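**Q** Would you mind keeping the following structure in view while I ask a few things?
2 protein chains.
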Amino acid sequence: MFIDPIIMQMDESIDRERFVIATYYCGAKPTTNMMKFAAALAVEQTTGTWIQVPGETPEVRERCIGRLVGVYETPAYQIGVPSEAEERHFIVRIAYPWANFGAQFAMMLSTVIGNISSSGKVKLLDLSFPPSFLAQFKGPKFGVQGIRKLLGVWDRPLLNNMIKPCTGLNPEETAKLAYEAAVGGVDIIKDDELVADAPHCPLVPRVKAVMEAVRRADEVKGEKTLYAFNITDRVDRLRDNAMRALDAGANCLMVNYFTIGLDAARMLAEDPDINVPILAHSDFTGAVYESPWSGMSAMLIGAKLPRLAGLDMVIALSPYGKFPIMMDTFLNAGYHMLMPMGGIKPIFPMPGGGTTQGHVEDLYKKFGKDVMIAAGGAIHGHPMGPAAGARAFRQAIDAVVAGGTLAEAAKEHAELKAALDLWGIYSESSGGLFDLKG
Amino acid sequence: MFIDPIIMQMDESIDRERFVIATYYCGAKPTTNMMKFAAALAVEQTTGTWIQVPGETPEVRERCIGRLVGVYETPAYQIGVPSEAEERHFIVRIAYPWANFGAQFAMMLSTVIGNISSSGKVKLLDLSFPPSFLAQFKGPKFGVQGIRKLLGVWDRPLLNNMIKPCTGLNPEETAKLAYEAAVGGVDIIKDDELVADAPHCPLVPRVKAVMEAVRRADEVKGEKTLYAFNITDRVDRLRDNAMRALDAGANCLMVNYFTIGLDAARMLAEDPDINVPILAHSDFTGAVYESPWSGMSAMLIGAKLPRLAGLDMVIALSPYGKFPIMMDTFLNAGYHMLMPMGGIKPIFPMPGGGTTQGHVEDLYKKFGKDVMIAAGGAIHGHPMGPAAGARAFRQAIDAVVAGGTLAEAAKEHAELKAALDLWGIYSESSGGLFDLKG
Numbered sequence: 001m002f003i004d005p006i007i008m009q010m011d012e013s014i015d016r017e018r019f020v021i022a023t024y025y026c027g028a029k030p031t032t033n034m035m036k037f038a039a040a041l042a043v044e045q046t047t048g049t050w051i052q053v054p055g056e057t058p059e060v061r062e063r064c065i066g067r068l069v070g071v072y073e074t075p076a077y078q079i080g081v082p083s084e085a086e087e088r089h090f091i092v093r094i095a096y097p098w099a100n101f102g103a104q105f106a107m108m109l110s111t112v113i114g115n116i117s118s119s120g121k122v123k124l125l126d127l128s129f130p131p132s133f134l135a136q137f138k139g140p141k142f143g144v145q146g147i148r149k150l151l152g153v154w155d156r157p158l159l160n161n162m163i164k165p166c167t168g169l170n171p172e173e174t175a176k177l178a179y180e181a182a183v184g185g186v187d188i189i190k191d192d193e194l195v196a197d198a199p200h201c202p203l204v205p206r207v208k209a210v211m212e213a214v215r216r217a218d219e220v221k222g223e224k225t226l227y228a229f230n231i232t233d234r235v236d237r238l239r240d241n242a243m244r245a246l247d248a249g250a251n252c253l254m255v256n257y258f259t260i261g262l263d264a265a266r267m268l269a270e271d272p273d274i275n276v277p278i279l280a281h282s283d284f285t286g287a288v289y290e291s292p293w294s295g296m297s298a299m300l301i302g303a304k305l306p307r308l309a310g311l312d313m314v315i316a317l318s319p320y321g322k323f324p325i326m327m328d329t330f331l332n333a334g335y336h337m338l339m340p341m342g343g344i345k346p347i348f349p350m351p352g353g354g355t356t357q358g359h360v361e362d363l364y365k366k367f368g369k370d371v372m373i374a375a376g377g378a379i380h381g382h383p384m385g386p387a388a389g390a391r392a393f394r395q396a397i398d399a400v401v402a403g404g405t406l407a408e409a410a411k412e413h414a415e416l417k418a419a420l421d422l423w424g425i426y427s428e429s430s431g432g433l434f435d436l437k438g
Numbered sequence: 439m440f441i442d443p444i445i446m447q448m449d450e451s452i453d454r455e456r457f458v459i460a461t462y463y464c465g466a467k468p469t470t471n472m473m474k475f476a477a478a479l480a481v482e483q484t485t486g487t488w489i490q491v492p493g494e495t496p497e498v499r500e501r502c503i504g505r506l507v508g509v510y511e512t513p514a515y516q517i518g519v520p521s522e523a524e525e526r527h528f529i530v531r532i533a534y535p536w537a538n539f540g541a542q543f544a545m546m547l548s549t550v551i552g553n554i555s556s557s558g559k560v561k562l563l564d565l566s567f568p569p570s571f572l573a574q575f576k577g578p579k580f581g582v583q584g585i586r587k588l589l590g591v592w593d594r595p596l597l598n599n600m601i602k603p604c605t606g607l608n609p610e611e612t613a614k615l616a617y618e619a620a621v622g623g624v625d626i627i628k629d630d631e632l633v634a635d636a637p638h639c640p641l642v643p644r645v646k647a648v649m650e651a652v653r654r655a656d657e658v659k660g661e662k663t664l665y666a667f668n669i670t671d672r673v674d675r676l677r678d679n680a681m682r683a684l685d686a687g688a689n690c691l692m693v694n695y696f697t698i699g700l701d702a703a704r705m706l707a708e709d710p711d712i713n714v715p716i717l718a719h720s721d722f723t724g725a726v727y728e729s730p731w732s733g734m735s736a737m738l739i740g741a742k743l744p745r746l747a748g749l750d751m752v753i754a755l756s757p758y759g760k761f762p763i764m765m766d767t768f769l770n771a772g773y774h775m776l777m778p779m780g781g782i783k784p785i786f787p788m789p790g791g792g793t794t795q796g797h798v799e800d801l802y803k804k805f806g807k808d809v810m811i812a813a814g815g816a817i818h819g820h821p822m823g824p825a826a827g828a829r830a831f832r833q834a835i836d837a838v839v840a841g842g843t844l845a846e847a848a849k850e851h852a853e854l855k856a857a858l859d860l861w862g863i864y865s866e867s868s869g870g871l872f873d874l875k876g
């Protein structure tokens, strides 16, 4: 077989409903025949083994084999011979019949980046799902609009706070900090990802103490606060943890979605008995996205897949603070939480990891109102206390939504001024995404 | 507008029937925000100008604006900040509503790589067409199967010969060389691309002289020969040239498709009065594909678009001879002539530009039987004369189709031996595309 018309297809020739299309980066030596390598990937991840076997009938091939639908080199050299030393870079697109793995994450990931995650420089950048596949997923119960409805807040970015210090607090200490953050104007508070059901801060007592504090705060501020309780655990305990938290009064849950697994996260999100939003923490995802040559893209593991799993808001590490992530990487993940995705609701991106009041203007330029600003240290470390730290964020948010600047607003608000004096105002030369010619 | 959900879409969210998807290479400085740049391309090539204008209503935007459906960096760095000197490389995919330009080449190319062909490092690598768009094109009248039927040859690669020297021959001299090539076993002879209707070799006398010679050769060899007469000219003369050639007895036509333009080529191919195959010469296409940073890919301008225009066989410059093209580039173009493409028939790739008898084994490994070997000098420059040069090719073809090697066949055939002694046997370490693990 030379040009196998089953394997080598043009994008437009396949029945899109039958296929999930995977987009890969592949790095290669100058002498690599990339079409051959890419076709081998398509075969390896579907019907193939290292030799043709009797069971691989034409019917099996037609039904199951991966199709190579695109090979693009960057830069797009077409003449000349690359030098010995030069590395070549490719984007490869392979279409997999999704009947091979069904509408689940475990078998899908085994197919699209299973064995070939060890095939050298191969990184999965994107998965494109047909409507028939997306229809098998319920998606988030709440998402952007559902969370806004719960909170009664429609016209501004939301404010999230993670309790700091990360670990070591007992339920009462946690509740005390939660009260401060809530009363200062935080919309959604969350456990740290390092807190779940530890002996010194068990889940049910924490839920009871925190929810009581939040109720008091809500009465004082006249707004509603959600608190996302981290129920991350062994998979056989997840549902029980969720139910115990809900029975104790929790109005929001949280999972470390990649350490429990995407299918486990989906199981919770699609559970009809769990009727509160689920906040997703992205810790451990760096283990698959930080390599430029292997693993998966931050956009895919950090946005598209958790959204498909049904999580309502996801932490997106930002380049503003302590993580060396690129602005592009951050925006690509954040935007993929908000873009149209068939019937799957948009969810809140939560820029975190060193976010301060001085980043609010830039975040608003980049996301508008549909963003949930995730701040830890800038609230709990504010020189005037956590409530003042939260108020400073709300002052910043109100100023930029009204069309003002942080610098102007700081003249009127002592809390904001203190934060900006301490941590500065972030600005970059480029403006928002859609002042295109500006 | 921040994250414009009309412009920024996931691949799976657009109605594929409405869009042609363009895939670009983009090179950028480290500080470039590629999503912003890519969104600007999508807007620039559809509704956009440098400022929002009153006519750009929401309805106009929904109907007409380009959608950004993919931005992928290679290598896929996601953390760190590239150094000042470093260049970043991207693949960008933009979906254009094809109602904007209709089922034609001129307005489509103006849209997908018009003004933005001057936007720095932007190269169009691929266009993906939905079935509704492809259905507007008739495609090739003959293609692979139609040409095989005309010739009565089903089971082997075809042999093409271009008359050499390129220019300077009169009709009688052309006919003499055509006779030699035909009688030696060439299936399709073609004019050189530098010959059309020059005063020293006018079209109609050439057709008459050549067709008479071909008829004689066919009687001798007991096979049929096609001769592709080059009718390239001012667009207002093309149809007239075609009719004059057909009236004079031509059984095949030829155009330099990129110098006459793809729409002009299509006009001829879809003309109900032109019932012979049309051979496409790809000269001048290098002007748009040789730059790694700009223009269009060799695959697109050299295979996918001429096939869509309805041309039945296309010259593909090979890496075997005098052109510095990469093997990858050559194969990608050749395979795109043969892959499934909706209802558009497969067409013959014609590897040319220095092809000798010594390349036949490798070509058969890479293409199997559906390839038309295009040879000029190795036929007309054969030490035993053109008929012997053609016989040497047929000996080589028969040997490899029977599972033999060129080296073995040369022991039995003096013509093949002479050619191989002079020009050698080509081999590369890698085998055919689908002995994947070999």
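From first to last, the protein sequence lines are chains A and B. Residues 1 to 438 in this note's numbering are what the first sequence spells out, letter by letter. Residues 439 to 876 in this note's numbering are what the second sequence spells out, letter by letter. Don't be surprised by glycine CBs; every beta carbon is placed ideally from N, CA and C. The structure presented is a predicted model; accordingly, all values stated were derived computationally and were not measured.
1. Straight-line CA distance for proline 789 (chain B) to histidine 719 (chain B)?
2. Out of A:Ala181, A:Asp263, A:Glu361, which has the shortest C-alpha to C-alpha gap to valine 401 (chain A)?
3. Determine the closest residue to threonine 47 (chain A) out of A:Ala410, A:Phe101, A:Glu12, A:Glu212, with distance taken between C-alpha atoms.
4. Since phenylalanine 90 (chain A) sits in a beta bridge, which residues does DSSP pair it with?
5. Measuring alpha carbon to alpha carbon, tell me which of B:Pro640, B:Thr469, B:Ile529 ends up nearest alanine 460 (chain B).
6. Determine, for serine 566 (chain B), whether the minimum Cβ-Cβ distance to residues of chain A falls below 8 angstroms.
7. Do you know how far the Cα of alanine 478 (chain B) is from the Cα of glycine 438 (chain A)?
8. With a threshold of 7 angstroms on Cβ separation, who are the neighbours of threonine 767 (chain B) within its own chain once the five nearest residues in sequence on each side are excluded?
9. List the residues of chain A that proline 744 (chain B) touches, going by C-beta distances under 9 angstroms, in chain order.
10. Are tyrosine 844 (chain B) and leucine 858 (chain B) closer than 8 angstroms when you measure CB to CB?
11. Would threonine 470 (chain B) be called buried (16 or more neighbouring beta carbons within 10 Å of its own) or exposed?
12. Per DSSP, what kind of secondary structure is aspartate 126 (chain A) in: helix, strand or coil?
13. In the DSSP assignment, find the unbroken beta strand (DSSP E) run with alanine 316 (chain A) in it and report its ends.
14. Run through DSSP, which three-state label would histidine 774 (chain B) get?
15. Kindly identify the DSSP beta-bridge partner or partners of cysteine 690 (chain B).
16. Could you name the residues that DSSP lists as bridge partners for proline 349 (chain A)?
17. If I'm right that serine 732 (chain B) touches lysine 561 (chain B) with Cβ under 8 angstroms, what's the distance once you round it to whole angstroms?
18. When the cut-off is 8 angstroms and only beta carbons count, does tyrosine 864 (chain B) lie next to chain A?
19. Can valine 69 (chain A) and glutamine 9 (chain A) be called in contact, C-beta distance under 8 angstroms?
20. Can you look up histidine 851 (chain B) in the DSSP assignment and give me helix, strand or coil?
21. Please name the residue in B:Pro715, B:His638, B:Val652 whose C-alpha comes closest to that of alanine 613 (chain B).
22. So, glycine 302 (chain A) versus arginine 266 (chain A), is the Cβ gap smaller than 8 angstroms?
23. Helix, strand or coil: which one does DSSP assign to valine 112 (chain A)?
24. On the DSSP bridge assignment, give the partners of asparagine 160 (chain A) in chain order.
25. Does any residue of chain A bring its CB to less than 8 angstroms from the CB of lysine 561 (chain B)?
26. Apart from the five residues on each side of it in sequence, which residues of its chain come closer than 8 angstroms, Cβ to Cβ, to asparagine 553 (chain B)?
27. Go ahead and pull the three-state DSSP assignment for arginine 832 (chain B).
28. If we define contact as Cβ-Cβ less than 8 angstroms, is aspartate 750 (chain B) a contact residue for chain A?
29. Say whether chain B places a C-beta atom closer than 8 angstroms to the C-beta of valine 71 (chain A).
30. What three-state label does DSSP hand aspartate 449 (chain B) in the structure shown?
31. Just the C-alpha distance for asparagine 251 (chain A) and glycine 146 (chain A), rounded to the nearest angstrom, thanks.
32. For a cutoff of 8 angstroms on Cβ pairs, would you count tryptophan 293 (chain A) as touching chain B?
33. By the three-class DSSP mapping on this structure, what secondary structure does glycine 389 (chain A) have?
34. Give a yes or no on whether the minimum CB-CB distance between threonine 767 (chain B) and chain A is below 8 angstroms.
35. If contact means a Cβ-Cβ distance below 7 angstroms, which residues of the segment 409–426 of chain A contact chain B?
36. Does the Cβ-Cβ distance between glutamine 795 (chain B) and alanine 826 (chain B) come in under 8 angstroms?
**A** On the basis of the supplied data:
1. Translated into positions along the second sequence, residue 789 (chain B) becomes position 351. Translated into positions along the second sequence, residue 719 (chain B) becomes position 281. Whole-angstrom Cα-Cα distance: 11 angstroms.
2. Looking up residue 401 (chain A) in the first sequence gives position 401. Closest by alpha carbon: A:Glu361.
3. Numbered from its first residue, the first sequence carries residue 47 (chain A) at position 47. Comparing Cα positions, the closest option is A:Phe101.
4. Reading the first sequence from its first residue, position 90 is the one you call residue 90 (chain A). Answer is A:Cys26, A:Glu73, bridged to phenylalanine 90 (chain A).
5. Walking along the second sequence from the start, residue 460 (chain B) turns up at place 22. Answer by Cα proximity: B:Ile529.
6. Residue 566 (chain B) sits at position 128 when you count from the first residue of the second sequence. Judged by the 8 angstroms Cβ criterion, serine 566 (chain B) is in contact with chain A.
7. Locating residue 438 (chain A) in the first sequence gives position 438, counting from the first residue. Locating residue 478 (chain B) in the second sequence gives position 40, counting from the first residue. Residue placement at glycine 438 (chain A) is poorly supported in this model, since its pLDDT is 26, which falls under 50; the coordinates are not used for a value here.
8. Numbered from 1 along the second sequence, position 329 holds the residue referred to as residue 767 (chain B). Answer for threonine 767 (chain B): Ala736, listed in chain order.
9. In the second sequence, counting from the first residue as 1, residue 744 (chain B) sits at position 306. Within 9 angstroms Cβ-Cβ: nothing; proline 744 (chain B) doesn't reach chain A, min ~15 angstroms.
10. Translated into the one-based positions of the second sequence, residue 844 (chain B) becomes position 406. Translated into the one-based positions of the second sequence, residue 858 (chain B) becomes position 420. Tyrosine is not the amino acid found at residue 844 (chain B); the sequence shown has leucine there. It is a contact, given that the beta carbons lie within the stated cut-off.
11. Residue 470 (chain B) sits at position 32 when you count from the first residue of the second sequence. By the neighbour-count rule (16 or more Cβ atoms within 10 Å), threonine 470 (chain B) is buried.
12. Against the first sequence, residue 126 (chain A) aligns to sequence position 126. Strand.
13. Numbered from its first residue, the first sequence carries residue 316 (chain A) at position 316. Here the beta strand (DSSP E) through alanine 316 (chain A) covers 313–317.
14. In the second sequence, counting from the first residue as 1, residue 774 (chain B) sits at position 336. Here histidine 774 (chain B) sits in helix by DSSP.
15. Sequence index remark: in the second sequence, residue 690 (chain B) carries index 252 (1-based). According to DSSP, which records beta bridges pairwise, cysteine 690 (chain B) is partnered with B:Ala666.
16. Translated into the one-based positions of the first sequence, residue 349 (chain A) becomes position 349. The partner list for proline 349 (chain A) (beta bridge, DSSP) reads A:Val314.
17. To locate residue 732 (chain B), count along the second sequence from 1; it is residue 294. To locate residue 561 (chain B), count along the second sequence from 1; it is residue 123. Contact flag correct, Cβ pair sits at about 5 angstroms.
18. Along the second sequence, read from residue 1 onward, the residue named residue 864 (chain B) stands at position 426. It does not; no Cβ of chain A falls within 8 angstroms.
19. By one-based count along the first sequence, residue 69 (chain A) stands at place 69. By one-based count along the first sequence, residue 9 (chain A) stands at place 9. Yes, the pair counts as a contact, with Cβ atoms nearer than the cut-off.
20. As a first step, residue 851 (chain B) must be located in the second sequence, where it is residue number 413. DSSP places histidine 851 (chain B) in coil when its eight states are reduced to three.
21. For the purposes of this step, residue 613 (chain B) is taken as the residue at position 175 of the second sequence. For alanine 613 (chain B), the nearest C-alpha among the options comes from B:Val652.
22. Working through the first sequence from its first residue, we reach residue 302 (chain A) at position 302. Working through the first sequence from its first residue, we reach residue 266 (chain A) at position 266. No, these two residues do not count as a Cβ contact at 8 angstroms.
23. Walking along the first sequence from the start, residue 112 (chain A) turns up at place 112. Valine 112 (chain A): helix per DSSP, three-state reduction.
24. Mapped onto the first sequence, residue 160 (chain A) falls at position 160. A:Ile188, A:Ala374.
25. The sequence position of residue 561 (chain B) within the second sequence is 123, counting from 1. For lysine 561 (chain B), the answer is yes, since a Cβ of chain A falls inside 8 angstroms of its Cβ.
26. Within the second sequence, the letter at position 115 stands for residue 553 (chain B). Counting only Cβ-Cβ distances below 8 angstroms, and skipping sequence neighbours, we find Glu482, Gln483.
27. To locate residue 832 (chain B), count along the second sequence from 1; it is residue 394. DSSP places arginine 832 (chain B) in helix when its eight states are reduced to three.
28. Residue 750 (chain B) sits at position 312 when you count from the first residue of the second sequence. No, aspartate 750 (chain B) does not count as interfacial toward chain A.
29. Position 71 of the first sequence holds residue 71 (chain A). Cβ-Cβ to chain B under 8 angstroms: yes for valine 71 (chain A).
30. Locating residue 449 (chain B) in the second sequence gives position 11, counting from the first residue. The answer is helix: DSSP assigns aspartate 449 (chain B) an H, G or I state.
31. Working through the first sequence from its first residue, we reach residue 251 (chain A) at position 251. Working through the first sequence from its first residue, we reach residue 146 (chain A) at position 146. Taking the straight line from one Cα to the other gives about 13 angstroms.
32. Residue numbering aside, residue 293 (chain A) sits at position 293 when the first sequence is read from its first letter. Yes, its Cβ sits closer than 8 angstroms to a Cβ of chain B.
33. As a working note, residue 389 (chain A) is residue 389 in the first sequence. In this structure, glycine 389 (chain A) counts as helix in the three-state DSSP scheme.
34. Translated into positions along the second sequence, residue 767 (chain B) becomes position 329. Yes, its Cβ sits closer than 8 angstroms to a Cβ of chain A.
35. none
36. Residue numbering aside, residue 795 (chain B) sits at position 357 when the second sequence is read from its first letter. Residue numbering aside, residue 826 (chain B) sits at position 388 when the second sequence is read from its first letter. No, the Cβ-Cβ distance between glutamine 795 (chain B) and alanine 826 (chain B) is not below 8 angstroms.
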